[in-house]
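So the protein sequences, as listed, match chains L and R.
Sequence positions in the first sequence follow our numbering and run 7 to 105.
Sequence positions in the second sequence follow our numbering and run -1 to 665.
Note that the Cβ used here is the ideal one computed from N, Cα and C, for glycine as well.
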Amino acid sequence: MTIAWYLAVSALIFAIGAGGVLVRRNPLVVLLCLELMLNAANLALIGFSRMWGNGDGQVFALIVMVVAACEVTVGLGVIVAMHRLRLPVDVDTMRELQG
Amino acid sequence: MSATTAAWIVLAAPLAGTIIMSLLFNRLPGRSAGWIATAAIAVSFVFALVALVKLQQLAPAHRELTSSLWSIVRTTGVDANASLLVDPLSVLMICVVAGVSTLIHLYSVSYMSGDRGYSRFFVYLNFFVFSMLLLVLAGNFLLLIVGWAFVGAASYMLISFWYRRTTATRAGIKAFVINVVGDVGLVLGTFFIFRHTHTLDLVATFHVAPKVFASGSGDVTAGCLLLLVGAFAKSAQIPLHTWLPDAMEGPTPVSALIHAATMVTAGVYLIARMLFQLAPAAGDVGAVIGAATLLIAGTIGLAATDLKRVIAYSTMSQIGYMIMAVSAGAYAAGLFHLMTHAFFKALLFMAAGSVIGAMGGNQSLDRMSGMRRALPFTFVCFIIGGLALSGIPPFSGFFSKDDILAQIGSRGGWYWGLYVAGYLGALLTALYTFRMIFRAFLGEPCAEARELIDHGHLFHPEQPTNPANGEVEDTDVGFPGPEHVIAERARPMQVAMGLLALLAVFGGIVGIPKTTTWLDSFLAPTFASSTVHLHPSNTLIYFGLALGTAVGLLGILIAWVVWVAKPGTAPVIATRLRPLTTLFENKWYFDELIDALVVRPSAWFGSFAQGTFERLFVNGALIGGTTAVVRAGSAAVRSAESGFVRYYVGFIVVGLTAVGLYFLVQS
């Protein structure tokens, strides 16, 4: 099997994730979509790792997972805090960065 | 001690005096400030004499010493050191400046004693002497310009010394502005010369200049003409002279020191020092302007009614002689007159100060009469100064003035015109000088003189007023003090005036024609490179001496007839020559002319620029345009900041995709 298929699947998953981040309004789903994007990148890394027959890509993938775990922790924390303050759980209502 | 070390001390003493008195400004009791200042200048004078003696011990060809303490600027093309040039010309100048200044300081110790700004006055006075010595000792153009500007600044401070008098502050501003015109001329002229010689050092310039400039070439002439502008402004020559009569608003010692003996001679020094032998055309311009000034100032002096202003116009006129002499190549004669003029003009101003003291601050000749018995000592001094000024033998002014005119005459050609103007000016000089003396000292004693003669005490006005416009004043700081002083009752003033009177009588001894040539031979090394060598014939010299005496005596005689023998004659002549009198009384309309040609167009242009250029172009187009662009740009950028996080994410995705695609396509 050539590397192309792995990459195609990775790109597809990444596109789905990116589309989800862009269109969904629920922060929980946005976080899930972010995970999807990260894992698409992981898939590409591991695919390349195999192609070269070299372990470096797999180490990278592990690091990405750690980063993803941290990010989810922070993201879920933010969402829980929003719940506690009884704010609407909607990314579009938080627009105080408006210029 | 070498001559240069002495020169550095000459410079350091007044500077030290200035600094010490500035620091102890409020803690100097009584007259101590005056004595400190006098001592500082006296030290300066002693070391000037040391420099003179040391210079005399050298061979004539080696009497050009330079000394440099440190480097001010050292870059490619410009090397400027803190250096002095000690040669016969500068040593003569420092002797005259320091010597006369010492006596004027001594005079001021008493004269200013009633003033609330006593210490401040002496700080300024010492600073002025330092600036003037720096100007004449400067070894390069940079220090020369610094000294030149310092002198202008010191003059401004001293003219406006009574800073609550509106007339005084206005006169100070006028003097400063006109002096700055001269400063610009000096700096631009320096650039013209520097462009070709590539050195700021004076000695190096003199060596290089004859090689790089063809005689009479355009650049050196332009440079010298610009230097002339500087000299005219400082030396009050037409048309930049209008500040000098107004400068009489300052205290009388200031008039004696700055506006008679020293500062106004800076222009004469500059012309004698610079490269005018390479620019004959510029020299001719200077000579003609000098001659015009001496005539015009003489005629105004005839009509002026303010005692100090008459002497001020006489100063202008005498400096016209000097400028004419040094511009025409009669350097030693011009400097001889500079020296004798410093003596007798300082004396005249001091005597005038004493008269003004007796008049309770009033300076109008119309009010004065019969001061002779009230002020006998002042009267004698005034007569000696007046005779020296009129060029009556054997007083000093006689020899120096006739020396100038004989040398001018020996050049022949159109210089005969200047010769005639010079003797016409001598007639006017004798006339206005003795008009002043006869009106102030002879005749029935006025009320003020009577108070002094009969009751033996000085006249004091009930309410002090400004003599120029009658404004009521008080006697606190910023106005003249409550007490007036006359020489008869102040020992320091008598000493100063007595010494100056001796110098005014015997000062001519250094240059009696055909007898003593001390001054000529002393100055000869400085002017050895000059292309003009004047040797007036014996006939010319003796004719000149006889003519000078005759003209001077004739002037005095006319003055005697008009103002003493037949007292009603003056108004009759004035009415008969109405247009001429009006012209003289209005000072040839120079103030009005400058006002119409320069001041008003400048003011109009200023208001035009403010109303049109600044309002429409600067404020409207430049500032308004810039703010409009920034505002529009920020509005555009602000609309992109919607606050929706996913918009930002969208931008990032689109951007990154675009970048990725670009590199893909490129590879």
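Three-state class that DSSP yields for residue i in the structure shown
i, result
"R/Thr16", "helix"
"R/Asn464", "coil"
"R/Ser666", "No answer is possible for residue 666 of chain R: the residues shown for chain R start at -1 and end at 665."
"L/Asp96", "coil"
"R/Ser398", "helix"
"R/Ser88", "helix"
"R/Phe525", "coil"
"R/Thr260", "coil"
"R/Glu612", "helix"
"R/Leu22", "coil"
"R/Glu247", "helix"
"R/Ile236", "coil"
"L/Cys76", "helix"
"R/Ser535", "coil"
"R/Met348", "helix"
"R/Gly648", "helix"
"R/Met110", "coil"
"R/Arg574", "helix"
"L/Thr8", "coil"
"R/Glu677", "This structure does not reach residue 677 of chain R, given that chain R is present from -1 up to 665, and the question cannot be answered."
Where residue i meets chain L, residues with beta-carbon distance less than 8 Å
i, result
"R/Ser665", "Result: empty, since nearest Cβ-Cβ is about 16 Å, beyond 8 Å."
Within chain R, partners of residue i - CB distance below 7 Å
i, result
"L/Asp98", "Phe642"
"L/Ala24", "Val651"
Residue range of the beta strand (DSSP E) that includes residue i
i, result
"R/Ser665", "Run containing R/Ser665: none; DSSP gives neither H nor E here."
"R/Arg748", "Examination of residue 748 of chain R is not possible in this model, given that chain R is present from -1 through 665 alone."
"R/Asn584", "Note, R/Asn584: premise wrong, no beta strand (DSSP E); not H, not E."
"R/Leu67", "63 to 73"
"R/Ala78", "76 to 84"
Proximal chain L residues relative to residue i, where beta-carbon distance stays under 7 Å
i, result
"R/Gly648", "Leu28"
Within chain R, the residues that residue i reaches when beta carbons sit closer than 9 Å
i, result
"L/Arg101", "Ser640, Gly641, Phe642, Val643"
Endpoints, alpha helix (DSSP H) assigned at residue i
i, result
"R/Lys564", "From DSSP, R/Lys564 is part of no alpha helix (DSSP H); its letter is neither H nor E."
"R/Ile256", "First-last for R/Ile256: undefined, no H or E at that position."
"R/Met(-1)", "Neither: R/Met(-1) is in no alpha helix (DSSP H) and is coded neither H nor E."
"R/Met434", "413 to 439"
"R/Gly359", "Note, R/Gly359: premise wrong, no alpha helix (DSSP H); not H, not E."
"R/Ser605", "598 to 606"
"R/Asp282", "278 to 301"
"R/Thr624", "623 to 638"
"R/Thr36", "30 to 54"
"R/Phe380", "374 to 388"
8 Å contact criterion, which residue i and residue j should meet: CB distance rounded
i, j, result
"R/Ser99", "R/Ile39", "5 Å"
"R/His239", "R/Met314", "6 Å"
"R/Ala245", "R/Ala169", "6 Å"
"R/Asp181", "R/Gly228", "7 Å"
"R/Gly265", "R/Leu292", "Incorrect: roughly 14 Å between the Cβ atoms, too far for contact."
"R/Leu156", "R/Val252", "4 Å"
Item to check | Residue ranges of each alpha helix (DSSP H) within the region 17 to 70 of chain L, 4 or longer | outcome: Fully enclosed alpha helix (DSSP H) runs of no fewer than 4 residues occupy 33 to 58 of the region 17 to 70 of chain L, in order along the chain.
Next on the checklist: For a minimum of 4 consecutive residues, which ranges assigned as the alpha helix (DSSP H) are wholly contained in the region 449 to 523 of chain R?
Outcome noted: 489 to 504, 516 to 521, all fully within the region 449 to 523 of chain R.
Checklist entry - Fully enclosed by the region 112 to 180 of chain R, which alpha helix (DSSP H) runs are 4 residues long or longer? => result 116 to 135, 139 to 157
Item to check | Contained alpha helix (DSSP H) runs [length at least 4] in the region 178 to 217 of chain R, N- to C-terminal order | outcome: Segments of the alpha helix (DSSP H) lying fully in the region 178 to 217 of chain R: 200 to 210.
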